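These notes concern the structure reproduced below.
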Amino acid sequence: MRRTGVGTRWLLCLAASVLVSGSVGAAERSLLDLDLRELAEVEVTSVSRKPQKLAETPAAVYVITAEEIRRSGATTLAEALRLAPGVEVSRINASTWAVTIRGGADRFSNKLLVLVDGRSVYTPLFSGVYWDVQDIALQNVERIEVIRGPGASAWGANAVNGVINVITKPAAETQGWTAEALAGTEERAQGFLRYGTRLAPGVWARGHLRYADRGEGADALGIEADDDWQALRGGVRVDGEPGGADRWSLQAEAYRGWNDLAYADATRRVLGAEDLLGLPVLEDRVRTRGGWFLGSWTHVTEGFAEWQVQFYLDRTVRDEPLLAETRDTWDLDLKHRIPPVRGHEIQWGLGMRRTADRLDGSSVVSFASDREADLLWSAFAQDEVSLVGDRVRLLVGTKVERNEYTGVEWQPTARVLGRVAPHVVLWAAGSRAVRTPSRAEDDGRITSGFVPPGVAAGFGGPPNPAPVPMRLEPSGDFESEVLWAYEAGVRFLAGRSLSVDVAGFWHRYDDLRTFEPLPRENPDDPVLVRADNRAKGRSIGFEAAVDWFPTDWWRVYGAYAWETLDIELDDGSRDVFTENEEGRSPRHRLSVRSSTDLGAGWEFDVWGRYVGALEQDGVDAYTELDLRLGWRRGPWRVDLVGQNLLAPSHLEFVPGKAIQTLPTEVERGAYVRVSLALP
Numbered sequence: 009m010r011r012t013g014v015g016t017r018w019l020l021c022l023a024a025s026v027l028v029s030g031s032v033g034a035a036e037r038s039l040l041d042l043d044l045r046e047l048a049e050v051e052v053t054s055v056s057r058k059p060q061k062l063a064e065t066p067a068a069v070y071v072i073t074a075e076e077i078r079r080s081g082a083t084t085l086a087e088a089l090r091l092a093p094g095v096e097v098s099r100i101n102a103s104t105w106a107v108t109i110r111g112g113a114d115r116f117s118n119k120l121l122v123l124v125d126g127r128s129v130y131t132p133l134f135s136g137v138y139w140d141v142q143d144i145a146l147q148n149v150e151r152i153e154v155i156r157g158p159g160a161s162a163w164g165a166n167a168v169n170g171v172i173n174v175i176t177k178p179a180a181e182t183q184g185w186t187a188e189a190l191a192g193t194e195e196r197a198q199g200f201l202r203y204g205t206r207l208a209p210g211v212w213a214r215g216h217l218r219y220a221d222r223g224e225g226a227d228a229l230g231i232e233a234d235d236d237w238q239a240l241r242g243g244v245r246v247d248g249e250p251g252g253a254d255r256w257s258l259q260a261e262a263y264r265g266w267n268d269l270a271y272a273d274a275t276r277r278v279l280g281a282e283d284l285l286g287l288p289v290l291e292d293r294v295r296t297r298g299g300w301f302l303g304s305w306t307h308v309t310e311g312f313a314e315w316q317v318q319f320y321l322d323r324t325v326r327d328e329p330l331l332a333e334t335r336d337t338w339d340l341d342l343k344h345r346i347p348p349v350r351g352h353e354i355q356w357g358l359g360m361r362r363t364a365d366r367l368d369g370s371s372v373v374s375f376a377s378d379r380e381a382d383l384l385w386s387a388f389a390q391d392e393v394s395l396v397g398d399r400v401r402l403l404v405g406t407k408v409e410r411n412e413y414t415g416v417e418w419q420p421t422a423r424v425l426g427r428v429a430p431h432v433v434l435w436a437a438g439s440r441a442v443r444t445p446s447r448a449e450d451d452g453r454i455t456s457g458f459v460p461p462g463v464a465a466g467f468g469g470p471p472n473p474a475p476v477p478m479r480l481e482p483s484g485d486f487e488s489e490v491l492w493a494y495e496a497g498v499r500f501l502a503g504r505s506l507s508v509d510v511a512g513f514w515h516r517y518d519d520l521r522t523f524e525p526l527p528r529e530n531p532d533d534p535v536l537v538r539a540d541n542r543a544k545g546r547s548i549g550f551e552a553a554v555d556w557f558p559t560d561w562w563r564v565y566g567a568y569a570w571e572t573l574d575i576e577l578d579d580g581s582r583d584v585f586t587e588n589e590e591g592r593s594p595r596h597r598l599s600v601r602s603s604t605d606l607g608a609g610w611e612f613d614v615w616g617r618y619v620g621a622l623e624q625d626g627v628d629a630y631t632e633l634d635l636r637l638g639w640r641r642g643p644w645r646v647d648l649v650g651q652n653l654l655a656p657s658h659l660e661f662v663p664g665k666a667i668q669t670l671p672t673e674v675e676r677g678a679y680v681r682v683s684l685a686l687p
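If you want it as structure tokens, here you go:
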């Protein structure tokens with residue numbers, strides 16, 4: 009495993025970029041899009057499901073703007089999320105990521121809720137997100153709202169450690185033709201085409217197509233791995249605002265994907281006998297396809313009451329070597345915001361979601377039932393109260409859900425925000441959130457490998473004279489994991505040039521998942537484990553971000569995050585896996601970005617990142633650097649981007665031991681992108 013060992017070179021490169029940035033005459037500069045006061049006025053909707061100014065939000069929130077995405081050089085949604093402080097993004101291979109907030113990283117990080125225009129993309133099969141399916145066109149993204157900490161009182165179960173809400177641009181803002189072509193080393197080829205037009209007074213439409221071809225990573229020996237990825241998707245959006253009281257939107261998209269993946273062959277592996285990168289493997293192509301439709305309608309009455317209805321249908325088909333899945337979901341959501349009365353802003357809502365699957369397993373992954381349909385009912389209520397002449401605001405609310413696994417779940421929150429000075433805001437919050445069981449935990453059978461001779465006695469029962477398989481068995485009585493979260497933060501704005509945002513948290517986890525061995529009677533019996541709730545945990549940490557505009561043509565943004573997790577097994581637990589989660593997230597993460605308008609249509613961007621070691625999996629700390637040089641003239645735009653420039657390749661993550669997608673190292677890469685925009 010390579011060590012980058014290039015922190016000094018990274019600092020020198022960053023210093024050089026600063027010197028270059030400061031060496032060009034300011035007379036030629038164009039302004040960066042927003043200054044800090046304007047950024048503070050940006051509205052967010054994900055914290056309380058209503059528009060709020062970013063600076064007046066009682067939560068740890070960051071908004072990734074379309075301009076930040078463009079200037080970062082990111083080409084996938086997962087990579088763009090690195091822009092937000094406190095978000096852990098680790099690339100496993102060309103098409104697979106581990107994305108989480110405040111710990112719990114894995115291929116299926118089960119305490120993070122991800123939404124696209126309010127549509128949940130969290131899969132209930134394994135409790136997580138298939139990031140290859142979320143290869144959305146970043147050119148259509150208006151902003152990404154990232155909440156660090158629980159958002160369950162607004163969005164429900166599984167919004168435990170964070171919420172990511174991707175909000176796309178209205179059709180009215182994407183009029184005319186846009187064409188884009190990309191070619192490079194790792195990002196081998198990409199194409200994007202979009203056309204928007206006005207269909208009638210107050211009605212706008214757009215359609216888009218996107219294709220991407222991404223190359224292989226490298227294995228532990230530096231040899232190209234067979235994990236390339238191709239994806240094709242297209243969609244339409246029609247928005248209407250015929251009068252001042254009503255707005256509606258219709259969206260639809262279809263996609264196909266082809267990923268080459270390698271899996272550890274659990275039918276041949278001896279647990280603990282080989283390093284993950286040296287295991288016998290199964291190589292095959294993953295095929296994905298699907299589509300979705302979303303419709304929403306908003307009506308505002310004369311008294312400024314607001315009614316909103318949203319409905320979506322989603323079908324996803326995934327054919328992997330270990331498991332084939334077809335899933336159909338429909339979701340209906342109603343929200344009513346009552347006009348403010350005596351300092352109270354009250355809103356409430358109802359929701360219903362049905363998801364049905366058809367599964368075709370293998371000898372490694374199977375389920376007790378090949379078909380299952382689950383129904384989720386929900387309701388939420390929220391009141392925001394103005395106190396002390398609107399200098400203090402108190403928000404209280406809860407969401408109540410009834411699911412098929414654990415019944416009724418309550419997820420309340422209380423948040424307070426105070427403006428102690430014209431540009432200084434303090435906030436604090438206490439919340440309860442739950443992570444409900446996944447289909448795999450409830451009735452999955454997953455073989456993770458073989459236990460060496462004699463070792464099975466440690467799981468109870470007689471010693472085994474020969475290797476025996478270890479398998480997760482259906483649980484049936486696994487309960488929700490519970491988080492009690494306590495957070496506090498401060499935001500400080502110094503004029504138009506400097507802002508500081510600091511948030512700290514203390515998380516208490518109850519009823520954490522453990523894998524408890526079942527009794528064994530015969531030496532040749534397999535080791536069977538079942539999901540249970542026999543652990544608790546404590547996590548503390550903080551995130552700090554500084555945004556600085558030294559001039560109107562130069563912006564520097566820095567973010568640092570630190571966290572630690574301690575897990576304790578309950579008395580009587582014989583789990584040997586759960587405590588390993590303590591070392592599966594880096595304690596330290598640092599990101600520094602410099603964006604400079606050089607004048608005459610030229611832009612220069614530098615992005616340096618440090619990520620601490622993953623102690624449990626033996627993944628070394630690494631430092632990386634991305635550079636971008638951009639030029640714009642009339643309708644044309646050209647970008648030259650270099651990514652991960654400080655080492656030939658580096659390993660970022662080793663996934664968990666249940667379904668072992670083999671990792672590859674992320675390689676140094678570069679690409680050129682040409683864009684044309686016509687009215």
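Going by our numbering, the letters in the sequence shown line up with residues 9 to 687, in that order.
Where is the CB? At the ideal position from N, CA and C, for every residue including glycine.
If you're wondering where the values come from, they're calculated on a predicted model, not measured in any experiment.
Selected residue, minimal CA-CA separation from residue i, among the options
i	options	result
A162	V627, S54 and V680	S54
Y568	R90, L62 and D634	R90
I72	Q60, V95 and T522	V95
P217	G210, D234, R245 and A191	Residue 217 is actually Leu in this sequence, not Pro. Nearest C-alpha to L217: R245.
D533	P461, E224 and N101	P461
R202	R222, E181 and L635	E181
F200	L573, G243, V490 and P687	G243
D605	I175, E576, W639 and V619	W639
T334	G369, W644 and W418	G369
V366	R401, E611 and D327	Looking at the sequence itself, residue 366 is Arg, so the reference to Val does not match. The shortest C-alpha separation from R366 is found at D327.
L190	R295, G81 and E76	G81
W212	R447, S257 and A253	S257
N588	F467, V122 and R521	R521
V294	T455, P209, V141 and A493	V141
D292	A167, T309, L269 and P430	L269
V537	A553, A464 and G512	A464
G303	L342, R504 and A429	L342
S547	G265, W492, G580 and L653	W492
R688	L648, L670 and T669	The question about residue 688 has no answer here: the residues shown for the chain are numbered 9 through 687.
A86	W139, R264 and A448	W139
E224	S683, V432, G677 and A685	G677
Neighbour flag for residue i against chain B, beta carbons, 7 Å
i	result
L654	Among the chains of the structure shown, chain B does not appear; only one protein chain is present.
Own chain residues within Cβ distance below 6 Å of residue i, not counting five before or after
i	result
S657	A226, E673 and E675
W237	A102, S103, R222 and N267
P687	G184
S599	A567 and R617
A511	A68, G497 and E551
R255	E249 and T306
A629	G620 and A621
P178	D247
Other residues of its chain near residue i: CB distance less than 8 Å, five sequence neighbours each side excluded
i	result
H591	The question names His, yet the displayed sequence has Gly at residue 591. Counting only Cβ-Cβ distances below 8 Å, and skipping sequence neighbours, we find L622, E623, Q624 and D625.
V416	V408, E409 and R410
D114	A106, T108, G136, R592, P663 and G664
Supposed close pair residue i, residue j - CB separation, criterion 8 Å
i	j	result
R156	I109	5 Å
T444	T414	6 Å
W435	L506	About 20 Å; that fails the 8 Å criterion.
E487	D509	In fact, because the Cβ distance is near 36 Å, the residues do not count as touching under 8 Å.
V168	A441	5 Å
Same chain, Cβ closer than 7 Å to residue i, neighbours up to 5 away in sequence not counted
i	result
G280	Annotation note: pLDDT 46 at G280 (below 50); position unreliable, coordinate value reported separately. Cβ neighbours of G280 beyond the five flanking positions: P460.
A389	W356, G405 and T406
L27	Residue placement at L27 is poorly supported in this model, since its pLDDT is 39, which falls under 50; the coordinates are not used for a value here.
A92	Y70, I72 and V154
### Task
For the stretch 385 to 466, list the alpha helix (DSSP H) runs that are entirely contained and at least 4 residues long, ordered along the chain.
Within the stretch 385 to 466, the alpha helix (DSSP H) runs of at least 4 residues that lie entirely inside it are, in chain order, 447 to 451.
### Query
Taking three-plus beta-carbon pairs below 8 Å as touching, is the stretch 517 to 532 in contact with the stretch 553 to 562?
The stretch 517 to 532 makes no contact with the stretch 553 to 562, as fewer than three CB pairs between them are under 8 Å.
#### Entry: Segments assigned beta strand (DSSP E), at least 3 residues, entirely inside the stretch 643 to 687
Listed in chain order, they are 644 to 651 and 677 to 686.
#### Entry: Stretch pair the stretch 353 to 372 + the stretch 139 to 153: three plus CB contacts closer than 8 Å
Contact between the stretch 353 to 372 and the stretch 139 to 153 is absent, because fewer than three Cβ pairs lie under 8 Å.
### Task
Could you tell me whether the stretch 127 to 139 touches the stretch 304 to 316, where touching means 3 or more Cβ pairs closer than 8 Å?
Of all C-beta pairs linking the stretch 127 to 139 to the stretch 304 to 316, fewer than three are shorter than 8 Å, placing the two stretches out of contact.
### Query
Which runs of the beta strand (DSSP E), 3 residues or longer, sit entirely within the stretch 135 to 188?
Every beta strand (DSSP E) stretch that sits fully inside the stretch 135 to 188 and reaches 3 residues is listed by chain position as 149 to 156 and 170 to 176.
#### Entry: Segment contact flag, the stretch 166 to 180 with the stretch 295 to 306, C-beta cutoff 8 Å, min 3 pairs
No contact exists between the stretch 166 to 180 and the stretch 295 to 306.
### Query
Taking only runs of the alpha helix (DSSP H) that begin and end inside the stretch 62 to 142, which ones reach a length of at least 4 residues, in chain order?
74 to 80 and 85 to 88, all fully within the stretch 62 to 142.
#### Entry: Ranges of the beta strand (DSSP E) found wholly within the stretch 225 to 251, counting only runs of at least 3
List check, beta strand (DSSP E) in window: 237 to 248.
### Task
Give, in chain order, every unbroken run of the beta strand (DSSP E) that is at least 3 residues long and sits entirely within the stretch 332 to 383.
List check, beta strand (DSSP E) in window: 332 to 345, 352 to 368 and 373 to 375.
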